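All remarks here apply to the structure that follows.
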Amino acid sequence: MIRLEDVHKAFGANRVLKGVTLEVPRGQSLVVIGGSGTGKSVLLKCVLGLVTPDSGLIEVDGTDVTLGDRDAFLARFGMLFQGGALFDSMRVWENVAFRLMRGPHQRPKAEARAIAVDKLRRVGLGDRVADLYPAELSGGMQKRVSLARAIAADPEIIFFDEPTAGLDPIMSGVINALIRDLVTEMGATAITITHDMTSVRAIADSVAMLHGGVVRWHGPVSALDSSGDPYVDQFIHGRAEGPIETVR
Amino acid sequence: MSLAALPVTGLARLGRAVIAALAELGRVTIFAASIVSHILRPPFYLRELLQQLLSIGWLSLPVVGMTALFTGGALALQIYSGGARFQAEFAVPSIVAIGMVRELGPVLGGLMVAARVASSIAAELGTMKVTEQIDALVTLSTNPLKYLAVPRVVAATLAVPALVGIGDVIGIMGGWLVGVNRLDFNSGTYLHNTWQYLETSDVVSGLFKGAAFGFIVALMGCYYGMTSGRGAQGVGRATKGAVVAASVLILAANYVLTEVFFSA
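Residue numbers (our numbering), protein chains in the order written: chain C, 1 to 248; chain V, 1001 to 1264.
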């Protein structure tokens, strides 16, 4: 289980997180929604230790994330970055197999490649793609490679930052289905950040809305349309009028 | 603002600038210490080190070689015309050799590598930072400092002295070409005088400078790249900062090292 309690983070005078409290049970898929610049990505980065919170507590399975063996902690995670964050000096299969070829659980090159090719197939990419460089792929293919990299080592916890941003509706549907399948089949705990309401309904077990630096609403995806929260209503229906200021 | 307050405001600005400069120096020092502390600790990324040796060393050879060749030739001409004022033309071979090996080889070689390598490292790592590739490395249980910075710093520290050594030979050859073809020196006499007045300490001090300059170049490239600001402008600033800082530090370190070798 992932637990955040009263997490604060500011960048200079900009207070991004003002006391976020949230729980994600093991094996659940949480989707975090909220306007641009409300700190959704910062939230994920705080859990991973890429950003250090100013105050508050973050626990994974009851252990403070700032304590213990960091490599072992990170080995439990997979992360799909918004822009893919593929290493452009490496071939696609080397990107996917990056973790497999390094560290204490290092696999032989041939085995790592075989796993990478298998994961690429899992996200709908053929063997032919394995030896290409990321720059030779379309945006949708890069996203899928990044997804394959995130799941390459069969992580227990996977974070998806805007997995469908910039993709066409069909490719978005493919990625959504993949994420849902991965969470269901692998039994992984997932946190996804998205603005795409189709994705929210396809991926989420529960939804949290981040607004004003705090969790404004948190509940099961089935209760999203009847949340009774004007902020959630405005966001999910994409209305210009409402309590959320459109000029930020 | 009153006129009386102007000096105070000026002092406050100066104080802020000094504090900012000292803070930056502190950050660079901590960054350098972290890199050095990681050099001897596993894991070792040998493949990345070899790639960087190729990129920093081998691929810098043409620019360092051309710089040394023309500098050696120009130096021979300058010493000849200057030496003619007090009948010291005969000193051309030895001064070209000593000047190249002790000073111009390492400094110009270091500056050329700074222009080529510090900019390239800063741009590459800066782009990796803004595209979240460095964050991705962390999530893949890989220390970016160890994986990205250590191989580059070690490779530059090893490659630049080698480049300086080759540059020294090419620079002396440039002087010899001009001496023999333009200034009517006897080829054998020129080479004999070059060899006769050159001491081991001249070569060693030049190579040591090369190692120090290589360390500085890669350190600045990595530091500015890994602390790059956002977007194309941030990467551009990081690249410019890396080249300027590396160049100034090379010249400052050259003076300090020359003092050390001169006093020894």
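Heads up, the beta-carbon is just placed ideally off N, CA and C, and yes, glycines get one too.
Remember, predicted model here, so these are calculated numbers, not experimental data.
{"query": "Of the choices F235/C, K119/C and P230/C, whose alpha-carbon is the least far from that of E94/C?", "result": "K119/C"}
{"query": "Drop a sphere of 10 angstroms on the beta-carbon of T63/C, count the other beta-carbons inside from all chains shown, and report buried for 16 or more, exposed for fewer.", "result": "exposed"}
{"query": "Could you pull the start and end residues of the alpha helix (DSSP H) that M1128/V belongs to?", "result": "S1119 to V1130"}
{"query": "Looking at the secondary structure, which residues open and close the alpha helix (DSSP H) in which L1251/V lies?", "result": "G1231 to S1263"}
{"query": "For V1138/V, which beta-bridge partners are listed by DSSP?", "result": "For V1138/V, which the question treats as bridged, DSSP gives no partner whatsoever."}
{"query": "Nearest by alpha-carbon distance to I244/C: which of A135/C, R180/C, M197/C and S36/C is it?", "result": "S36/C"}
{"query": "Anything in the region 1120 to 1147 of chain V with a Cβ closer than 7 angstroms to a Cβ of chain C? List those residues in chain order, please.", "result": "T1131, E1132, Q1133, D1135, A1136, V1138, T1139, L1140, S1141 and T1142"}
{"query": "Express the C-alpha separation of I1216/V and A1252/V in angstroms, rounding to a whole number.", "result": "11 angstroms"}
{"query": "Which residues mark the beginning and the end of the alpha helix (DSSP H) in which S1205/V is found?", "result": "T1200 to M1226"}
{"query": "To the nearest angstrom, how far is it from the Cα of S1002/V to the Cα of I1030/V?", "result": "42 angstroms"}
{"query": "Would DSSP call H105/C helix, strand or coil?", "result": "coil"}
{"query": "Spell out the partners DSSP gives G219/C in its beta bridges.", "result": "V207/C"}
{"query": "Starting from M90/C, find everything on chain V with Cβ-Cβ shorter than 9 angstroms and list it in chain order.", "result": "Near M90/C there are no residues of chain V at all, since even the closest Cβ is about 10 angstroms away, more than 9 angstroms."}
{"query": "Which residue from S206/C, G242/C and G212/C puts its Cα closest to that of R26/C?", "result": "S206/C"}
{"query": "Would you call G228/C buried or exposed, if buried means 16 or more other Cβ atoms sit within 10 Å of its Cβ?", "result": "exposed"}
{"query": "How many angstroms separate the CA atom of M186/C from the CA atom of V221/C?", "result": "21 angstroms"}
{"query": "From which residue to which residue does the alpha helix (DSSP H) around N1186/V run?", "result": "Unbroken run through N1186/V: none, as it is neither H nor E."}
{"query": "Taking only three categories from DSSP, how would you classify D161/C?", "result": "strand"}
{"query": "Could you check how far apart the C-beta atoms of K1231/V and A1242/V are, in whole angstroms? I think they sit under 8 angstroms.", "result": "Residue identity differs from the one stated: residue 1231/V is Gly in this sequence, not Lys. The Cβ separation is near 17 angstroms, so there is no contact."}
{"query": "DSSP has S55/C in a bridge; who is on the other side?", "result": "H8/C"}
{"query": "Taking 8 angstroms as the threshold (C-beta atoms), are V1117/V and A1156/V in contact?", "result": "yes"}
{"query": "Any beta carbon from chain V within less than 8 angstroms of A177/C's own beta carbon?", "result": "no"}
{"query": "Return the CA-CA distance between L132/C and R91/C, expressed in angstroms with no decimal places.", "result": "5 angstroms"}
{"query": "Does the Cβ-Cβ distance between H211/C and G34/C come in under 8 angstroms?", "result": "yes"}
{"query": "How about V42/C and K9/C: do their beta carbons lie closer than 8 angstroms?", "result": "yes"}
{"query": "Under 8 angstroms, with one C-beta from each stretch per pair, do the region 1062 to 1076 of chain V and the region 1102 to 1113 of chain V reach the 3-pair mark?", "result": "yes"}
{"query": "Residues of chain V with CB closer than 8 angstroms to the CB of A85/C, please, in chain order.", "result": "T1131, E1132, Q1133, D1135 and A1136"}
{"query": "Taking the straight line between their C-alpha atoms, what separation do you get for P253/C and T194/C?", "result": "Residue 253/C lies beyond the range of chain C shown here (1 to 248); nothing can be said about it."}
{"query": "Which residues, in order along the region 68 to 85 of chain C, keep a beta-carbon less than 7 angstroms from a beta-carbon of chain V?", "result": "D71, L74, A75, F77, M79, F81, G83 and A85"}
{"query": "Measuring straight from C-alpha to C-alpha, what distance separates G1179/V and P1093/V?", "result": "8 angstroms"}
{"query": "Check distances from the C-beta atoms of the region 159 to 189 of chain C to those of chain V and list, in chain order, the residues that come in under 7 angstroms.", "result": "none"}
{"query": "Which same chain residues end up closer than 7 angstroms to A97/C when comparing Cβ atoms and leaving out the 5 residues on each side of it in sequence?", "result": "A112, R113, I115, A116 and A152"}
{"query": "Which whole-angstrom value is the C-beta distance of A1032/V and L1207/V, which I expect to be below 8 angstroms?", "result": "Contact doesn't hold; Cβ gap of about 21 angstroms is too wide."}
{"query": "Where does S1002/V fall in DSSP's three states?", "result": "coil"}
{"query": "Report the neighbours of L147/C on chain V: residues whose CB is nearer than 8 angstroms to its CB, in chain order.", "result": "Going along chain V, no residue has its Cβ under 8 angstroms from L147/C, so there is no contact; the nearest lies around 13 angstroms."}
{"query": "So F73/C is in the beta strand (DSSP E); what residue range does that whole segment cover?", "result": "Run containing F73/C: none in the beta strand (DSSP E); it sits in the alpha helix (DSSP H), R70 to L74."}
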